[in-house]
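Undergrad:
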Amino acid sequence: MPELPEVETVVRMLRPRLEGRMLTGVHVGPRRLRVPWQRRWNARLIGRRLAHVQRRGKWIVIDLALPESGDALLVHLGMTGRLILAEVGAPTAPHTHAVFHLDDGKQELRFLDPRRFGLIRYLAAPERARLQSTAALGPEPWQLTTANLAAQLARTRRCLKAVLLDQRVLAGVGNIYADEALFEARLHPGRIARTLARQEVERLRCAVVRVLERAIRKHGSTILTFYYGDDEHGEYQNEFRVYGRQDQPCRRCRTPIAATRLAGRSTHYCPQCQPLP
DNA sequence: ACAGGATCCTGGGGGC
DNA sequence: TGCCCCCAGGATCCTG
Numbered sequence: 004m005p006e007l008p009e010v011e012t013v014v015r016m017l018r019p020r021l022e023g024r025m026l027t028g029v030h031v032g033p034r035r036l037r038v039p040w041q042r043r044w045n046a047r048l049i050g051r052r053l054a055h056v057q058r059r060g061k062w063i064v065i066d067l068a069l070p071e072s073g074d075a076l077l078v079h080l081g082m083t084g085r086l087i088l089a090e091v092g093a094p095t096a097p098h099t100h101a102v103f104h105l106d107d108g109k110q111e112l113r114f115l116d117p118r119r120f121g122l123i124r125y126l127a128a129p130e131r132a133r134l135q136s137t138a139a140l141g142p143e144p145w146q147l148t149t150a151n152l153a154a155q156l157a158r159t160r161r162c163l164k165a166v167l168l169d170q171r172v173l174a175g176v177g178n179i180y181a182d183e184a185l186f187e188a189r190l191h192p193g194r195i196a197r198t199l200a201r202q203e204v205e206r207l208r209c210a211v212v213r214v215l216e217r218a219i220r221k222h223g224s225t226i227l228t229f230y231y232g233d234d235e236h237g238e239y240q241n242e243f244r245v246y247g248r249q250d251q252p253c254r255r256c257r258t259p260i261a262a263t264r265l266a267g268r269s270t271h272y273c274p275q276c277q278p279l280p
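Heads up: the first sequence is residues 4 to 280, going by our numbering.
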């Protein structure tokens with residue numbers, strides 16, 4: 004469930020604590036991960052300084068400093084992944100798959116993921132560069148122009164929900180914020196993308212940005228397992244307009260929120276505020 | 001070519 | 001109370 008706001012929250016927590024630190028050791032557990040850890044990555048990582056902690060869509064990119072450069076440690080939180088700083092010697096929580104020792108000797112970076120939908124891997128410079136470009140992963144929502152979005156919507160018969168979830172269109176939106184953004188834009192999630200008028204495209208683009216910014220200010224949403232820091236959790240789940248609010252009154256018009264399934268995902272909307280033309 | 005579906009995984013919740 | 005089944009979801013691969 005970590006989407007852009009949750010990942011951004013984690014990155015902002017880690018950045019001041021990790022940047023400038025050196026990796027002094029790597030320990031990866033025996034459980035098989037989605038991308039199996041390769042032993043040769045250890046040599047690529049140990050002795051390297053962490054230059055920048057960044058977010059790209061839902062990906063956490065920890066860039067490595069000289070002597071090589073352009074390579075990185077890449078993390079995706081999947082559904083239940085957590086990247087935390089723990090005191091050295093603190094009890095290891097269940098489902099801890101990787102531990103990175105740091106040169107300050109006080110804290111270590113741990114990757115936990117009960118459901119193992121997440122991913123942690125070393126990323127060589129060419130792949131790191133590709134992740135930065137918009138070739139494989141679409142632009143950050145703030146970089147997306149109305150013209151770009153309009154062009155992408157015009158060339159597909161998919162519904163809006165499916166398009167918003169497509170990371171090649173724009174990076175970082177997942178199931179929760181897709182529903183919330185469509186409510187904000189007053190657009191039905193089942194609307195066929197290519198039928199949008201120009202002003203509706205602009206409304207959608209603004210709504211995505213506005214919802215994400217609001218969620219970042221609230222440190223994301225915590226449902227079951229999202230935490231940043233030790234046990235600090237997001238507060239945006241209290242602001243949901245539609246997600247998870249099936250049969251509850253719309254906060255705008257009191258009409259019961261509807262739930263359906265689109266693009267293989269649970270989808271929530273207000274039938275009154277988000278009508279199909 | 002494009003769109004939709006299956007797949008991975010496990011804790012938690014609902015139902016009986 | 002206890003057990004079982006099903007559900008949640010991002011990215012990727014597969015099928016029609």
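Idealized CB from N, CA, C, for every residue including glycine. Quick caveat: nothing in here was measured; it's all calculated off a predicted structure.
1. Compare the beta carbon distance of VAL78 and VAL29 with 9 angstroms and say whether it is the shorter of the two.
2. Distance check for ARG206 and ARG194, CA to CA, integer angstroms please.
3. If I measure Cβ to Cβ from HIS191 and keep anything under 7 angstroms in the same chain, skipping five residues before and after, which residues do I get?
4. Considering only DSSP beta bridges, list what PHE103 is partnered with.
5. Contact defined as beta carbons within less than 8 angstroms: I believe ARG59 pairs with LEU134. What is the distance between those atoms, to the nearest angstrom?
6. For LEU53, does the three-state DSSP call read helix, strand or coil?
7. Taking C-alpha atoms, which residue in ARG213, ASN241, GLU6 lies nearest to GLY81?
8. Mapping the DSSP letters down to three states, classify ALA127 as helix, strand or coil.
9. Look at the alpha carbon of ILE123 and the alpha carbon of LEU76, and state the distance between them as a whole number of angstroms.
10. So, for ALA218: in the same chain, excluding its five sequence neighbours on each side, which residues have a beta-carbon less than 6 angstroms away from its beta-carbon?
11. Given a cut-off of 9 angstroms, decide if HIS98 and ARG35 are closer than it, judged by their beta-carbon atoms.
12. Looking only at C-alpha atoms, which of GLU242, THR148, MET16 sits nearest to GLN57?
13. Which term fits GLY84, buried or exposed, when burial requires 16 or more other beta carbons within 10 angstroms of its beta carbon?
14. Below 9 angstroms between beta carbons: does that hold for ARG268 and LEU163?
15. Span of the alpha helix (DSSP H) holding THR149?
16. Using a Cβ-Cβ cut-off of 6 angstroms (strictly less than) and excluding sequence neighbours within five positions of PHE114, which residues of its own chain qualify?
17. Where does VAL38 fall in DSSP's three states?
18. Please classify PHE186: is it buried, with 16 or more other beta-carbons within 10 angstroms of its beta-carbon, or exposed?
19. Are there 16 or more other CB atoms within 10 angstroms of the CB of GLU11, so buried, or fewer, so exposed?
TA: Quick look at the numbers:
1. no
2. 14 angstroms
3. TYR272, GLN277, PRO278, LEU279
4. VAL29, LEU112
5. 6 angstroms
6. strand
7. GLU6
8. coil
9. 7 angstroms
10. PRO8, TYR239
11. no
12. MET16
13. buried
14. no
15. 149-157
16. LEU86, HIS100, ALA101, ILE123
17. coil
18. buried
19. buried
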